[in-house]
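Novice: Numbering (my numbering), first residue to last: 6 to 490.
Every residue, glycine too, gets a C-beta built ideally from N, C-alpha and C.
One structure coming up, written as structure tokens, with questions to follow.
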């Protein structure tokens, strides 16, 4: 019997190790997928229709398209066999040469045609800042120029950008080339301007222009406002010494951010102890308090976050005759954020430690903490946020936790389990530094551990291979306050 138990434990260790490796592989694959997707977006594919004159009695055609590198060398080839005299292809932006040959009804190919060169241009970018018809107000009337920051979307096919700013009266016209998606230009005050950005690969391959250039005006502040020396009613101050600030994306003094969160609900608790032969199923008021601190530079996609939780629930008919049970957790996150044009997507992964209370009850309904199940392992999750105007927004989030190591209240090892949570939160920009979140989050925390058998404890009712488990489920009201300064 002891040999059998040792064999069963060996099999469980192998199962735990296998699931651990599988989950780590899943996390790494997801990370590499996100990274690869991000890298893939660096090469822009554009739909193009290649047409040629049909050849009488031709059974079909073979098309060969080869990229011409900037140094004149030949790059990757793309081949297609078709019965039509056209090919609807998706190709990276760049310069190409195309050759065609036909097949007769015997499927015998003819001679290749002479190479024909063509160009696939990068798509037009989107203009972000300043917004169309924006007005830059300068307080200091001794200033003759104001420095304005321009921003636009990234061209995944281009290698540079040509920014053109010109005044409507023709007195000012400036064109510069940049490799980043932002630039600062000094403009004269009390003038109207048009500005646009065109991506390019080189001097020969220029991308599509924007559909409509943006308008921009620079003005001195009225004397009455200058004398008041106070902020506008919405908190946006007049600009001192020609400085222009982005009102939609405030510049924070620190790259750190802080989180305070609380979740509350009526939880469903289930606990099965195979060694004692009992099962507890109760409903209780429960909640979680959460504190977190993170680090994320605005210009970087990578960051980190640490979180501490204290959860608990209350069982009893009234305050005097109730019992409180608490359990803690800690998480370390690596963050990867991808800012899209009108939304933001974030993937995070790391390690966690979580406790779950294992209760024992009797027929009278008396409960007491008999110990805690300790879980360790990796976690992976996501957040997707979309704005609704300047202050409102909505966030979707989810996370999976894989318990691959730890021990139960009896000192035995845990069995691998997966816990998870999903949420939908509304967001509101309270002030420049505070953002509030409120919504619903569903959580399921589950942990199981090996039960001590009668061979090890004569009072045990468990058979070899039995596992005890704890599961806490609930749909929580979730409130979060985020602070950045």
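(1) Is it the case that the segment 447 to 458 contacts the segment 214 to 223, given that we only count it when at least three CB pairs across the two stretches are under 8 Å?
(2) Taking residue 113 as part of the beta strand (DSSP E), name the residues at either end of that continuous run.
(3) Out of 279, 317, 194 and 429, which has the shortest C-alpha to C-alpha gap to residue 147?
(4) Using CA coordinates, which residue listed in 290, 307, 131 and 395 is at the minimum distance from residue 319?
(5) Rounded to a whole number of angstroms, what is the C-alpha to C-alpha distance between residue 40 and residue 307?
(6) Have a look at 358, 431 and 365 and flag the residue whose alpha-carbon is nearest the alpha-carbon of residue 409.
(7) Give the list of continuous beta strand (DSSP E) stretches no shorter than 3 residues that lie fully inside the segment 271 to 321.
(8) Between 305, 383, 196 and 117, which has its C-alpha nearest residue 175's C-alpha?
(9) In whole angstroms, give me the CA-to-CA distance for residue 109 and residue 163.
(10) Taking the continuous beta strand (DSSP E) assigned at residue 423, which residues delimit it?
(11) Helix, strand or coil: how does DSSP classify residue 385 here?
(12) Taking the beta carbon of residue 420 as the centre, do at least 16 other beta carbons fall within 10 Å, making it buried, or is it exposed?
(13) Considering only residues of the same chain and omitting the five flanking positions on each side of residue 104, which have a CB-CB separation below 6 Å?
(14) Would you say residue 378 and residue 475 are within 8 Å of each other, going by their C-beta atoms?
(15) If residue 442 and residue 484 are in contact, beta carbons under 8 Å, what's the gap, nearest whole angstrom?
(16) Determine the burial state of residue 333: buried for a count of at least 16 other Cβ atoms within 10 Å of its Cβ, exposed for fewer.
(17) Under 8 Å Cβ to Cβ from residue 153, same chain only, skipping five residues before and after it: list those, please.
(18) Start and end of the beta strand (DSSP E) containing residue 445?
(19) Using the three-state DSSP reduction, which class does residue 150 fall into: helix, strand or coil?
(20) Near residue 63, what residues of its chain come up, given a Cβ to Cβ distance below 6 Å and the 5 sequence neighbours on each side ignored?
(21) Under three-state DSSP, which class holds residue 477?
(22) In whole angstroms, what separates the C-alpha of residue 402 from that of residue 300?
(23) Give the list of continuous beta strand (DSSP E) stretches no shorter than 3 residues that lie fully inside the segment 151 to 207.
(24) DSSP three-state call for residue 355: helix, strand or coil?
(25) If residue 278 sits next to residue 365, beta carbons under 8 Å apart, how far is it from one beta carbon to the other, in whole angstroms?
(26) Along the beta strand (DSSP E) that carries residue 142, what are the first and last residues, could you check?
(27) Let's see if you can read the secondary structure: which residues bound the beta strand (DSSP E) around residue 2?
(28) So, helix, strand or coil for residue 459, using DSSP?
(29) How about residue 177 and residue 157: are their beta carbons less than 8 Å apart?
(30) Could you pull the start and end residues of the beta strand (DSSP E) that residue 73 belongs to?
(31) With DSSP collapsed to three states, give me the class of residue 490.
(32) State the beta-bridge partners of residue 84 as determined by DSSP.
(33) Mapping the DSSP letters down to three states, classify residue 90 as helix, strand or coil.
(34) Residue 342 lies in the beta strand (DSSP E); which residues open and close that run?
(35) Check this for me: beta carbons of residue 172 and residue 198, under 8 Å apart or not?
(36) What residue does the beta strand (DSSP E) around residue 56 start on, and which one ends it?
Specialist: Working from what's here:
(1) Note that the segment 214 to 223 does not touch the segment 447 to 458; fewer than 3 beta-carbon pairs, one per stretch, sit closer than 8 Å.
(2) It is not in any beta strand (DSSP E) - residue 113 carries neither H nor E in the DSSP assignment.
(3) Closest by C-alpha distance to residue 147, out of 279, 317, 194 and 429, is 194.
(4) Among 290, 307, 131 and 395, the Cα nearest to that of residue 319 belongs to 290.
(5) With a pLDDT of 46 at residue 40, under the threshold of 50, the modelled position of that residue is not reliable, and the figure given next carries that caveat. If you take the alpha carbons of residue 40 and residue 307, they lie about 11 Å apart.
(6) 358
(7) 283 to 301 and 307 to 320
(8) 196
(9) 41 Å
(10) Looking at the DSSP string, the run of the beta strand (DSSP E) that includes residue 423 is 422 to 434.
(11) strand
(12) Buried is the call here.
(13) 69, 117, 118 and 120
(14) yes
(15) 7 Å
(16) exposed
(17) The answer, listed in chain order, is 135, 141, 189, 190, 191, 192, 221, 223 and 249.
(18) 439 to 455
(19) strand
(20) 107
(21) strand
(22) 19 Å
(23) 165 to 172, 178 to 183, 187 to 193 and 196 to 205
(24) strand
(25) 6 Å
(26) Unbroken beta strand (DSSP E) run through residue 142: 139 to 143.
(27) The requested residue 2 does not occur in the structure, where the chain is confined to residues 6 to 490.
(28) In the structure shown, residue 459 sits in coil (DSSP, three-state: anything other than H, G, I, E or B).
(29) no
(30) 65 to 73
(31) coil
(32) 69
(33) coil
(34) 328 to 344
(35) yes
(36) 50 to 56
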